[in-house]
Each structure stands twice: as structure tokens, then as C-alpha cells.
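A short write-up of the structure that comes next.
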Amino acid sequence: MAEVALVDVSKSFGAVDAVRNLSLSIANGEFVVLLGPTGAGKTTTLRLIAGLERPDRGNVLIQGRIVTEAVPAERDVAFVFQQYSLYPHLTVYDNLAFPLRSPARRMDEQLVRRRIHQVAELLHVEQKLGNRATALSGGEMQRVAIGRALVREPAVYLMDEPLSSLDAKLRAELRLELKRIQRELGTTILYVTHDQIEAMTMADRIGVMNEGVLIQLGTPREIYERPDNAYVASRLGAPAINLVPAELLAGGAMPPNARTVGLRTEHIRMICSADGPGPVAQVHWVEHLGDQNHVHLKIASHSLVTLADPAQQLKAGDRVSLAFDDPLYFDQAGNRVAANESGRQA
Amino acid sequence: MNLSVTAHSVAEPTARSKRIASFVVVIYALVTILPLVWIFLTGFKTPPDSIAYPPKILFEPSVEGYVNLFTTRSRQTPEFLESLPPPQTWYERLVRSRNMVIGGPSKVVPRFANSMIIAFGSTFLAVCFGTIAAYAFSRFRVPLADDLLFFILSTRMMPPIAVAVPIYLMFRNLGLTDTKLGMILLYTAVNVSLAVWLLKGFMDEIPREYEEAAMVDGYSRLRAFFKVVLPQATTGIAATAIFCLIFAWNEYAFAVLLTSGEAQTMPPFIPFIIGEGGQDWPAVAAATTLFFIPILLFTILLRRHLLRGITFGAVRK
Ligand SMILES: Nc1ncnc2c1ncn2[C@@H]1O[C@H](COP(=O)(O)OP(=O)(O)OP(=O)(O)O)[C@@H](O)[C@H]1O
Ligand SMILES: [Mg+2]
């Protein structure tokens, strides 16, 4: 049964359509990540589920129950906010205990204590339980904020960029930890992020949003390998996918209605001589990142970015010829079109 | 050159500039505290000392002013005083030495009590109403919010003298003249506009996410308000309460007009403390000194909240 479902939900703020005709269903135990640029409506979507916003149209269901009109306290969700999550007038312990002492689910203090110590240990904040919430570093605050959700066992966790202010190491650690907790406990999580690594590694399914619209929903592999359109393709991959006009690379498996070709780095092979069979490009400049190099190429007046092994001694001005493996094709409107099967091996 | 100037302005103040600054502060403090000291000292002078010219800096302290403040007295002939039994208490002795006997307690205690009840009562009400209204204006889409807020402010624009007559007539018709309830209502009405405006600013500073987090965690809006918003608003509430209290405590114009007996507060009472042959200045000074104490205590008590700053800290950037 779907744990959370949004049925054709719309919400606007004055002239801004924050969410448009959004339908989304999250299964029990599923980890869904919403990915999208700033202002895409991700936070608004979470707030609609939590009951902090009323939809203009559509329905919200939690565990099969229509909760569109229900107040937040009746919905059994936990929310990790993007900002301002801890109560500055309380200690870390009392912050963590706050949800467990609510009238909706008053708990024995003994149990509260046990639960808090479990969660504090998990998030490495046991030493800080006695601190005021204001006497924490940014990263500690964020972990306590996550902890405030984890002490509960709600129908769904809504997390709004919970790892965004942590340093890279801690983020990687917590990412694994969250995923482990989610898998072990079978919790349902709707998670918002800008970070594609978080999206790719944690999600069972990724929803890509832009301008209030859910553009594509699918497994990380689907989203990455078979994006519905050029916009979704450009959200994932680093360096970002290269979108070049089709006429530059005619031939191969190119379907007749393709107008744009999407080249991820793994679609591009560089041959370090100018007399390969494919189109010839000029190295414009090389960025050294240590473990890899970003090579900026010019082909006609278009730029491409791809990866190269640092051992490959490329320098600006070199000419290389390119070969392409299974690139993505997009039509006039930007929608992906399948490769031409018959021409695949050409 | 430029660099050194910049560095200089950022660096710790030098010993010399610190000395100059503290000198200025001390002079300013002395100048402002002088009238208070003067009043305080006058309270311990005898009536003749209090009007001596040139003013006496050194004098023999006396509590006559305080005794006079708390009692009513009458002058008697020496023969009558002879016939009385000897004075029982130190203050009777003091009064007797001036050839007078104590008639009974003066009105100062009930007047002081009136001031306390009216000022604290109206402050409490104004802050309560102000907090609720400010929260509503800050969090909900109130129709015509801007116009309403301006209307609330406009209730305070009229000088008391301009509205005195209509208010007097209203009070007479409602039977509120010279009642504590009437004065509490009046001061609440005047202060509530200040309270709404001050507190709205503070409420706007409190992120909504706090209540929203509490509501998602199973609290109703009302409970979230008490558990989360109010503790965050203590600074604003304390500041507002002090402003309201100072107004209600010191208010003179309405008090003169609307109270004469039963509900008279200290401000109209103090100037009319009469001794023999006019104002009894030591008693007036004694009353003023006592009148000053509650405000001082209240401000000191709330100082901790005032200085604690608003929601600094637990903000994730
Ligand atoms: N309370 C509000 N009043 C008016 N406009 C709002 C409100 N909340 C959101 N919006 C608008 O709705 C749109 C979507 O906002 P939302 O916060 O959902 O974006 P987001 O995807 O979470 O962005 P970010 O990644 O920056 O957090 C934005 O254009 C925003 O300005
Ligand atoms: Mg957001």
C-alpha cells in the first residue's frame, strides 16, 4: 500500500505556481528523493504532505487516509526542516524529547530517555545532550535536527536538504548511515536535495522537479540512463551532459527526428590523433582535478567537456578525433527519442 | 597610510581613549543622577532645611518627611499636650516634639496600592492582548492587516487633553469615574497599541519553522504557541511590559481628571501633600523616592530577559 500519495495536487502563492498538478505515490519502506533547482517547489511539496500548506487542488493521502484537511499533528509525519530546526531555549536533550512529549504521543520518560540515547549515539551527539541548542556547531545542529525526526516512528519522514550544511566527510558518513537506518527499519522517506550524489546513492526512486512540475520519476538508473528529456539529462552527471546540435555528429544510430545529441563523458572516446574516423576537435584547455582531468574541447564553435586520465598528456591546442558510444538523442521539443536500432553498430 | 588608519579603527581602543570615554560617561551619569540624589536627600531633611537658601548640602538627617508622609497630624496647645499620656513610639515622639499629635494614617498607602493595581493590571492586560494580536498579525493573513495596524496606532495619536472631555463623559455614563477598573481599562486601551506594534516586530523575528516543527511533532497551534513562541518572545514581552508599566505608572493627565478619591494614583497625589503653610517638601520627596522603587525593581528583574537578545543561535545556514 502506498504510504504517501499526492493526487493531482496544485499550490500557488499569488502569481507563483509553486506546485502544479503533482501526482506522486511513495510505497511503504521506499526512499524517494526530489531533485531540482532552487524554487522548483520541493519544499512546498514536503509542506503540503506535512499539512503546513493547504493544496489549492488535489488530495493528500497518508496510509490510505485522505488527510488533505487534517492539521499537521494528525498526520503522523516527521519533518527535518531546511532551516531553523532547533528550539534555542531548550537543551539538545529537550529538543530531542520534544516530539515524544507532545500530547499526540505522550511517552513514558524512561522510554524517552532510552530512545534519545539511542538516537544520540547514532548521530554522534551523546556528548552534547546537555548543551543548549545554541551552543552547537552548524553540523551538530543539523544532526540534532535529524535526530528530532528519528526519535519518532512516523508513517513518513520528510527531509528537506538535511545534510546540506555538513562538511564532505560527515555528509558521506551520514548519507551511508541514513540509508542503513532506512533499509534496516524499513522506513519511508521523502528526501529533498540538490546533491546528485545523495540522490543517486540513497534513492530507490528519484523525482526530478522544475518550476513546480514533476518532470520524471524513476529509479536512479532510469533517470540517469533513460532521461525523458534534455532537462532531466542535464540534472545528473558531473561534468554535466554535453548537449550539441545533431548536425555536428551526423550518422551512426541517430534517429531522423533528433535535433540535439546528449553526450555524457562516458559516451565520448578521445583518440589522440587527428586522423580517426570521427569528427575532429581541438583541446581548448585542461583542468587538473588530481584523480582526473576535465578536458574542454571545441568542435566547430561548440564546447564539450569530458574526462581524461591524468596520464594522458593532453594540452591546449592538441587535436583529437572523437568516437561516440550510445549517446542520447533529443527531438525538437527536447524529449528523448530512442536510438535507431539498425544503425547502432555502424 | 590608509592601511594603518583602517587597522587603528578596528583595533582595541587605546588606554587614552578609554580614559576619555569613561570620563565622559561618569560626568554624564553624575549630571543625570543629581536630581534623583537631590530628591532622595530632601526626603531626609526637616521642612525648614528643605527650603533653606542657600541649599544645605550637609544637614542632620531626619525621618520627619517619611513620618509626615504616612500620617495626618494636628497642632495642639502645650497645655493639651501636657495632659496627654507620654508618646508610645518613636514616631509619636518625633511628632510630639513638633507640638503636634498624630490624627491617623495618611492616604499614601491606599494611593500607592491604587498605583500598583492599576499600573500592573493594565500592563498585564495590554501585554496579553498585544501578544495575541501581534501573533495573529504576524502569522495569519488578516484581512486589511495594514489598515487595522494603522488604526491601532492611531488610537494613540491624540494627546490626552484632546480626548479628556469625551472620556470623562463616557466614564461618567458608565459609572467608571474614580474606579480602579476604569483606570485599568483606560491605560490598557492606551498601551495596547504600543504593545501590538512592539510585539509584532518581535514576533516577525521568530521563524515560523519553530511552530511548524512543533505542530508536525504533534502539538496544536495553541500549544505550540505556548511551548515554542512565547519562550522565544520573552525579550519582546519584557521590553513591552516595561514600556507599558512606565506609562501607566507615571500617567498624570487622565489620573488627575478621572480620579479624585477611591481610585487616585500616586502622580496626582504626590504634588498635593500639604504640610503646615503649604507643600511639605520632605514628605513630597519621600513619596517620590518610594514611587520610584517599583519601576526600578521591575526593570532590574526583567533586565536579564532584555539583555538576552532574540533568537540568536540555533539557525542553520
Ligand atoms: N509562503 C510563500 N509565499 C510566497 N511564495 C512562496 C512561499 N513559499 C514558497 N514560495 C514560492 O514557491 C516557489 C517554490 O518554493 P519552494 O520553497 O518549494 O522551492 P524549493 O524547491 O524548496 O527551493 P530551494 O531548493 O531553494 O529550497 C518559489 O518560487 C517560492 O518563491
Ligand atoms: Mg527548499
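One line per chain: the protein sequences are V and D, in this order. Numbered as in my numbering, the first sequence ends at 346 without a single skipped number. Numbered as in my numbering, the second sequence ends at 1317 without a single skipped number. Glycine residues also receive a C-beta, built at the ideal position from the N, C-alpha and C atoms. For clarity, every value in this text was computed on a predicted model and none was experimentally measured.
- Set against 7 Å, the gap from the CB of V213(V) to the closest heavy atom of ligand 1 is not smaller.
- When the Cα atoms are used, V283(V) and G41(V) turn out to be separated by approximately 39 Å.
- The continuous stretches of alpha helix (DSSP H) do not include E287(V), which lies in the beta strand (DSSP E) extending over residues 280-288.
- What D1146(D) touches in chain V, judged by beta-carbon distance under 9 Å, is nothing: the nearest beta carbon there is about 16 Å away.
- With a cut-off of 7 Å, the C-beta of V232(V) is classified as distant from ligand 1, since no heavy atom of the ligand falls inside that distance.
- Between I1161(D) and A1253(D) a beta carbon distance of about 6 Å is seen, short of the 8 Å cut, so the two are scored as contacting.
- For the 8 Å CB-CB criterion, V295(V) and L314(V) form a contact.
- Cα atoms of L1144(D) and E1205(D): separation of roughly 21 Å, rounded to the nearest angstrom.
- Taking 7 Å as the cut-off, the C-beta of T201(V) does not count as close to any heavy atom of ligand 1.
- Partner residues in the beta bridge of S25(V), as assigned by DSSP, are A5(V).
- Closest in C-alpha terms to P239(V), from the list L214(V), M202(V), Q196(V), comes Q196(V).
- Counting C-beta atoms within 10 angstroms of its own C-beta, N1099(D) has fewer than 16 neighbours from the protein chains shown and is therefore classed as exposed.
- For D1204(D), the nearest beta carbon of chain V is not closer than 8 Å to its own beta carbon.
- When S25(V), L185(V), R20(V), P256(V) are compared, the shortest CA-CA separation from L6(V) is found for S25(V).
- Residue pairing from DSSP places H294(V) in a beta bridge opposite E287(V), L307(V).
- Going by DSSP, L243(V) is part of no alpha helix (DSSP H) but of the beta strand (DSSP E) stretching over 242-245.
- If you look at T193(V), you'll find it in the beta strand (DSSP E) that goes 189-193.
- Not a single C-beta of chain V is nearer than 8 Å to the C-beta of S1138(D).
- By the neighbour-count definition (other C-beta atoms within 10 Å, threshold 16), F1298(D) is a buried residue.
- Annotation for Q332(V) indicates a beta carbon at 7 Å or more from all heavy atoms of ligand 2.
- Rounded to whole angstroms, the separation of the alpha carbons of I1027(D) and V1256(D) is 36 Å.
- Within 10 angstroms of the beta-carbon of H89(V) lie 16 or more other beta-carbons, which makes it buried.
- Taking a Cβ-Cβ threshold of 7 Å, the residues of chain D close to R105(V) are G1218, in chain order.
- Excluding five sequence positions before and after E53(V), the CB atoms of its chain that fall closer than 8 Å to its own CB belong to K11, T44, R47, given in chain order.
- The secondary-structure analysis by DSSP pairs D160(V) across a beta bridge with V192(V).
- Within chain D, the residues placing a beta-carbon under 7 Å from that of H89(V) are P1231, Q1232, ordered along the chain.
- By the neighbour-count criterion, in which a residue is buried when 16 or more other Cβ atoms sit within 10 angstroms of its Cβ, T1289(D) is buried.
- Those residues that bring their Cβ nearer than 6 Å to a heavy atom of ligand 2 are K42(V), T43(V), Q82(V), D160(V).
- Distance from the CA atom of R319(V) to the CA atom of R259(V), rounded to whole angstroms, is 26 Å.
- As a beta-bridge residue in DSSP terms, M209(V) pairs with L214(V).
- Chain-order list of chain D residues neighbouring S273(V): empty, with the shortest C-beta distance near 51 Å, by a criterion of under 7 Å.
- Annotation for R269(V): no alpha helix (DSSP H) segment contains it, though the beta strand (DSSP E) segment containing it runs 268-271.
- R1141(D) does not reach chain V, its nearest Cβ partner there being about 11 Å away, counting only Cβ pairs nearer than 9 Å.
- The Cβ atoms of A1134(D) and L1194(D) lie no closer than 8 Å to each other.
- F1070(D): not part of any beta strand (DSSP E); member of the alpha helix (DSSP H) spanning 1064-1070, first to last residue.
- When DSSP states are grouped into helix, strand and coil, M107(V) belongs to the coil group.
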